[in-house]
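Inspection log for the structure reproduced underneath, given as structure tokens.
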Amino acid sequence: MSEEKFDGILLAMAQQHEGGVHELLETFFSFLLRKTDFFTGGTPGAARKLLLEKFQKFEEKALVERRRKEQEKEEAERKRRERIARKQKEEEQAAQMDLDNDSRVTELTDEEAAELQREMDEKARLKEKAKLKEETKQNGGGEESDDDLQDIQKSNKLDEDEDEADKGKLKPNAGNGCDLPNYKWTQTLPEIELKVPIPANFKVKARDVVVVIEKKHLKVGLKGHPPIIDGELENTIKIDECCWVMEDSKTIAITMEKVNKMEWWSRLVKTDPEMNTRKVNPEPSKLSDLDGETRGMVEKMMYDQRQKEMGLPTSDEQKKQDVLKKQVVSGLKWYFSEKKFVHCDPSGPILLYVHLLNCSFFPGICSGYFLPRRGMPEFLFPLQVILILSSFEVMVKSSKLVITATDFI
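For the record, in the sequence shown the residue sitting at position 6 is 6 according to UniProt numbering, with numbers rising by one throughout.
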């Protein structure tokens with residue numbers, strides 16, 4: 001059973017206990033006393049032993065996680081110091097080079113001097129901007145400006161090798177959703193997770209916010225203020241399976257279950273910028289949570305998506321081509337068995353025309369081609385042509401098949 005399965009219910013319970021963990025534990029043990037025989041149903045001391053075992057188990061996990069975070073923090077600090085030292089060394093070397101260059105007097109024209117001054121001013125401006133950005137980051141700086149958001153979008157676009165249809169779309173975040181200025185959301189195939197920070201300078205409670213979840217519409221905001229989200233959802237959701245809680249009195253966390261569990265959303269609401277769903281990367285570990293049939297469908301969808309990105313046929317298209325290929329080879333074998341030339345009937349339902357590859361290398365063999373009376377560009381050729389050429393292409397109902405000599409063995 002997943003440890004996160006009941007997080008929504010437990011968070012809702014915790015929200016109702018203003019006394020914190022002490023009050024929550026009081027409620028839990030009171031429930032065990034009143035509704036179960038937990039304290040008296042076993043041997044003396046069994047309940048206490050069970051509680052201590054579970055406590056020690058999760059205490060060890062907490063300590064391991066804390067040590068891991070401390071190590072990561074120390075490693076990040078070490079890398080930061082190394083980066084600063086390396087940068088200082090590079091600046092010192094650059095300053096020394098400038099000093100050496102200054103010692104050599106060079107006469108510049110007015111145009112060269114003006115160009116040099118422009119370059120120096122631009123470098124100084126970029127350096128100052130980078131310095132301010134680094135200081136803001138170290139101080140836990142506030143919200144990103146519009147220019148920063150545009151820089152992120154431009155960076156996303158440069159990182160992707162997109163086709164014309166995907167140009168201008170945002171790159172998915174680590175959770176296969178989008179990080180937008182006012183909120184962020186992630187998704188799996190079954191559900192959507194939405195986090196909406198509340199812009200308030202006081203401790204926000206559930207009664208202070210407005211959350212309206214409908215089948216195809218979502219509204220979220222602070223009472224008495226313009227809504228943060230108010231629009232039509234990208235697709236339909238199951239209202240009965242949706243829930244929301246307040247996190248740390250600062251953020252609204254909403255979980256919504258999709259009706260169609262076999263598609264990725266390109267945006268949360270219709271007014272959001274679109275996301276490139278072709279760049280979605282579902283974690284393989286999540287597939288283990290699905291049943292066999294659903295998992296097979298998801299894996300097939302992922303395979304077809306990769307095939308499309310490489311310009312290759314999908315699994316369904318490949319099956320159709322394999323069936324057509326068998327029909328083509330079967331028909332050609334029949335013609336060969338009758339010791340006749342292969343004739344592609346223009347009125348037939350399968351073969352439209354046959355095109356031999358590299359026929360210019362065999363002028364003697366390929367000199368017997370002709371066009372039939374009906375005007376269809378078909379060819380007649382004997383069996384040895386295929387065996388010599390080793391492969392040829394067949395156009396079947398607008399699908400190109402490559403058939404090799406081994407298909408006839």
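Glycine included, each C-beta is placed from N, C-alpha and C at the ideal position.
Tell me whether M246 is buried or exposed, calling it buried when 16 or more other Cβ atoms sit within 10 Å of its Cβ. Numbered from its first residue, the sequence shown carries residue 246 at position 246. Burial call: buried.
Quick check: the Cα distance between A12 and M256, rounded to an integer number of angstroms? Walking along the sequence shown from the start, residue 12 turns up at place 12. Walking along the sequence shown from the start, residue 256 turns up at place 256. Taking the straight line from one Cα to the other gives about 15 Å.
So who's on the other strand from D230, going by DSSP bridges? Locating residue 230 in the sequence shown gives position 230, counting from the first residue. Beta-bridge pairing links D230 to K219.
For E247, the residue or residues it bridges with in DSSP: Residue 247 sits at position 247 when you count from the first residue of the sequence shown. For E247, which the question treats as bridged, DSSP gives the partners T251.
Nearest-angstrom Cα separation, counted from L233 out to G177: Residue numbering aside, residue 177 sits at position 177 when the sequence shown is read from its first letter. Residue numbering aside, residue 233 sits at position 233 when the sequence shown is read from its first letter. Cα to Cα, G177 sits roughly 14 Å from L233.
Is the CB-CB distance between L222 and V209 below 8 Å? Walking along the sequence shown from the start, residue 222 turns up at place 222. Walking along the sequence shown from the start, residue 209 turns up at place 209. Yes.
Which residues mark the beginning and the end of the beta strand (DSSP E) in which K35 is found? To locate residue 35, count along the sequence shown from 1; it is residue 35. Not the beta strand (DSSP E): K35 falls in the alpha helix (DSSP H), residues 21-35.
DSSP state of M256 mapped onto helix, strand, coil: Position 256 of the sequence shown, counting from 1, holds the residue named residue 256. The answer is strand: DSSP assigns M256 an E or B state.
Could you tell me which of M297, P172, S315, G296 sits nearest to D304, measuring between CA atoms? Within the sequence shown, residue 304 is the residue found at index 304, counting from 1. Per the Cα distances, S315.
Take every Cβ of the segment 263-280, pair it with every Cβ of the segment 36-47, and state whether three or more of those distances are shorter than 8 Å. no
What is the rounded straight-line gap between the Cα of P313 and the Cα of R306? By one-based count along the sequence shown, residue 313 stands at place 313. By one-based count along the sequence shown, residue 306 stands at place 306. Near 10 Å, if we compare the C-alpha coordinates of R306 and P313.
Identify which residue in A14, D7, F6 has its Cα closest to the Cα of A206. Locating residue 206 in the sequence shown gives position 206, counting from the first residue. Of A14, D7, F6, the residue nearest in Cα terms is A14.
Which word fits P172, buried or exposed, when buried means at least 16 other C-beta atoms lie within 10 angstroms of its C-beta? Counting from one through the sequence shown, the residue named residue 172 turns up at place 172. Classification for P172: buried.
Spatial neighbours of K238 in its chain, beta-carbon cut-off 7 Å, leaving aside the 5 residues before and after: Walking along the sequence shown from the start, residue 238 turns up at place 238. Same-chain partners within the cutoff: E257, V259.
Which term fits L194, buried or exposed, when burial requires 16 or more other beta carbons within 10 angstroms of its beta carbon? On the sequence shown, position 194 is the one that residue 194 refers to. Result: buried.
How many angstroms separate the CA atom of Q93 from the CA atom of K129? Here residue 93 refers to the residue found at position 93 when the sequence shown is read from its first residue. Here residue 129 refers to the residue found at position 129 when the sequence shown is read from its first residue. Looking at the two C-alpha atoms, the distance is approximately 22 Å.
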